[in-house]
Amino acid sequence: MTGGTSAGVSKNICNCEPAEDEVVEEMEKNGDEDAHMLVEDWRLHKFQSPIELTHDDSIDHDHFEPLEFHGHWDEGGDATFTNNGFTATLRFMNRELPSLRGGPLHEDEFVFEQLHFHWSDDDHSGCEHIFEGRAYSMEAHAVHYNAKYKNFQEAQDKHDGLAVVAFFIQATDNVDNPCFNKLSSAVMDIAKVNSLTTVQTDCLTWIKEVAQCKGYYTYQGSLTTEPYTESVTWILYSTPIHVSREQVAHFRNMKSTPCEKFSIIKNVRPIQTPPMHKKLNILYARSHRSSSPSPARGSE
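Here it is as structure tokens:
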């Protein structure tokens, strides 16, 4: 996901009181509909996400400046974790927001908007992108918007508006990932739709090691949720982050309807295939040319 709701999420029928009809209507509207029915044609050029990618189909690129994460693992301010009926979403406030610079983003700075998760009903199909024919248990998306625009809403339909960093998560054993536990344990506090809890502000340290790896894949694609606009520079790290099966299972207990009869079992969009006459360029940032990093706004 990179918008408000998750296409591909299972459509549940809720038997709530009439007062809840509006919520149910919204859920049904955001199902597996064709993006062309929802977005003006000029915003769609058939480079939709997610995609299946392999290393052999990528282009090695050694000329990016280093990709810099600023402030993502800092403490201070406040952090909230919410259940919107489709996913669990992390946001920061009362602090200078983290930002991304360098790499395929060139001279632009991208401000952190939110981080959310995708998962499925098993530990083998919960990611949106597929790498080398393999699917993982979950996929996390750190969504950023270009600072040249006023906010996410203004940026989301611009060709250079968004940058999303994707991380694969794999459930492998029964040993918890202690850093990931800052979020996975908080999921139990947001089981109800529209519920919110506070979490530790250094709750993204579980992505730090992978995010500081030089190798990543990048391509120009789309939001994987409505309105599917092709405004996203995707940055995808192929090395999975290992967590326990129980940590992943917590997410499947989140409720998707106000009546609490249904859970969010699956919120992934199917793989999108570009038309035969259009080539999707996938770059692999194998290494970087040397440069002096920009002054950090916080500890890195």
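Counting from 1, one number per residue, gives the positions in the sequence shown under this note's numbering.
For each residue, glycine too, the CB sits at the ideal point set by N, CA and C.
Please classify residue i: does DSSP put it in a helix, a strand, or coil?
i, result
"Leu223", "coil"
"Met138", "strand"
"Glu68", "strand"
"Pro240", "strand"
"Ile59", "strand"
"His129", "coil"
"Arg252", "helix"
"Ile207", "helix"
"Ile271", "coil"
"Glu246", "helix"
"Leu97", "coil"
"Gln200", "coil"
Taking all protein chains shown into account, decide if residue i is buried (16 or more other Cβ within 10 angstroms of its Cβ) or exposed.
i, result
"Val175", "exposed"
"Met304", "The requested residue 304 is not part of the displayed model; the chain covers only 1 to 300."
"Ile59", "exposed"
"Thr172", "exposed"
"Gln156", "buried"
"Gly215", "exposed"
"Glu230", "buried"
"His36", "Interpretation of His36 is limited by its pLDDT of 35, a score under 50 that renders its predicted location unreliable; the figure taken from the coordinates is listed afterwards. Classification of His36: exposed, given that the 10 Å Cβ count is below 16."
"Asp255", "The sequence given here has Lys at residue 255, not Asp. It counts as buried."
"Gln153", "exposed"
"His250", "buried"
"Asn146", "buried"
Using 8 angstroms as the threshold, is the C-beta distance between residue i and residue j below it?
i, j, result
"Phe47", "Pro270", "no"
"Glu107", "Thr54", "no"
"Val232", "Leu280", "no"
"Gln114", "Ser184", "no"
"Thr198", "Asp74", "no"
"Thr89", "His118", "no"
"Gly71", "Glu96", "yes"
"Tyr228", "Ile282", "no"
"Thr87", "Asn267", "yes"
"Glu285", "Gly102", "The residue asked about is misnamed: residue 285 is Ala in this sequence, not Glu. No, the Cβ-Cβ distance between Ala285 and Gly102 is not below 8 angstroms."
"Ile314", "Asn94", "There is no way to answer for residue 314, as the model of the chain reaches only from 1 to 300."
Closest to residue i by CA distance: which of the options is it?
i, options, result
"Glu68", "Phe131, Met138, Glu226, Ile235", "Ile235"
"Pro178", "Asn194, Ala191, Ile207", "Ile207"
"Leu105", "Tyr228, Leu196, Asp160, Tyr237", "Asp160"
"Asp202", "Phe251, Arg134, Asn181, Ile190", "Asn181"
"Phe81", "Asn194, His63, Cys213", "Asn194"
"Lys148", "Ala186, Ser125, Lys158", "Lys158"
"His141", "Ser125, Asp123, Phe152, Val164", "Val164"
"Arg245", "His277, Gly126, Asp57", "Gly126"
"Tyr349", "His242, Pro98, Asn146", "With the chain covering only 1 through 300, there is no way to say anything about residue 349."
"Ala211", "Gly221, Tyr237, Asp123", "Tyr237"
"Lys261", "Lys278, Gly85, Tyr219, Ser222", "Gly85"
"Ser363", "Lys192, Gln170, Lys150", "A query on residue 363 cannot be resolved here, the shown segment of the chain reaching from 1 to 300 and no further."
"Gln220", "Cys213, Thr205, Lys278", "Lys278"
"Leu204", "Gly76, Asp56, Asp57", "Gly76"
If contacts are defined as beta-carbon pairs under 8 angstroms, then residue i and residue j qualify, I think. What distance do you get, rounded to the angstrom?
i, j, result
"Phe92", "Leu100", "Not confirmed; about 14 angstroms, so no contact."
"Thr257", "Glu128", "Going by Cβ atoms, the distance from Thr257 to Glu128 rounds to 23 angstroms, so no, they are not a contact pair."
"Phe168", "Pro66", "Between Pro66 and Phe168 the Cβ distance is about 22 angstroms, and since that is not below 8 angstroms, they are no contact."
"His144", "Phe112", "5 angstroms"
"Glu139", "Ala166", "6 angstroms"
"Ser120", "Gln272", "Not really, about 17 angstroms apart at Cβ, beyond 8 angstroms."
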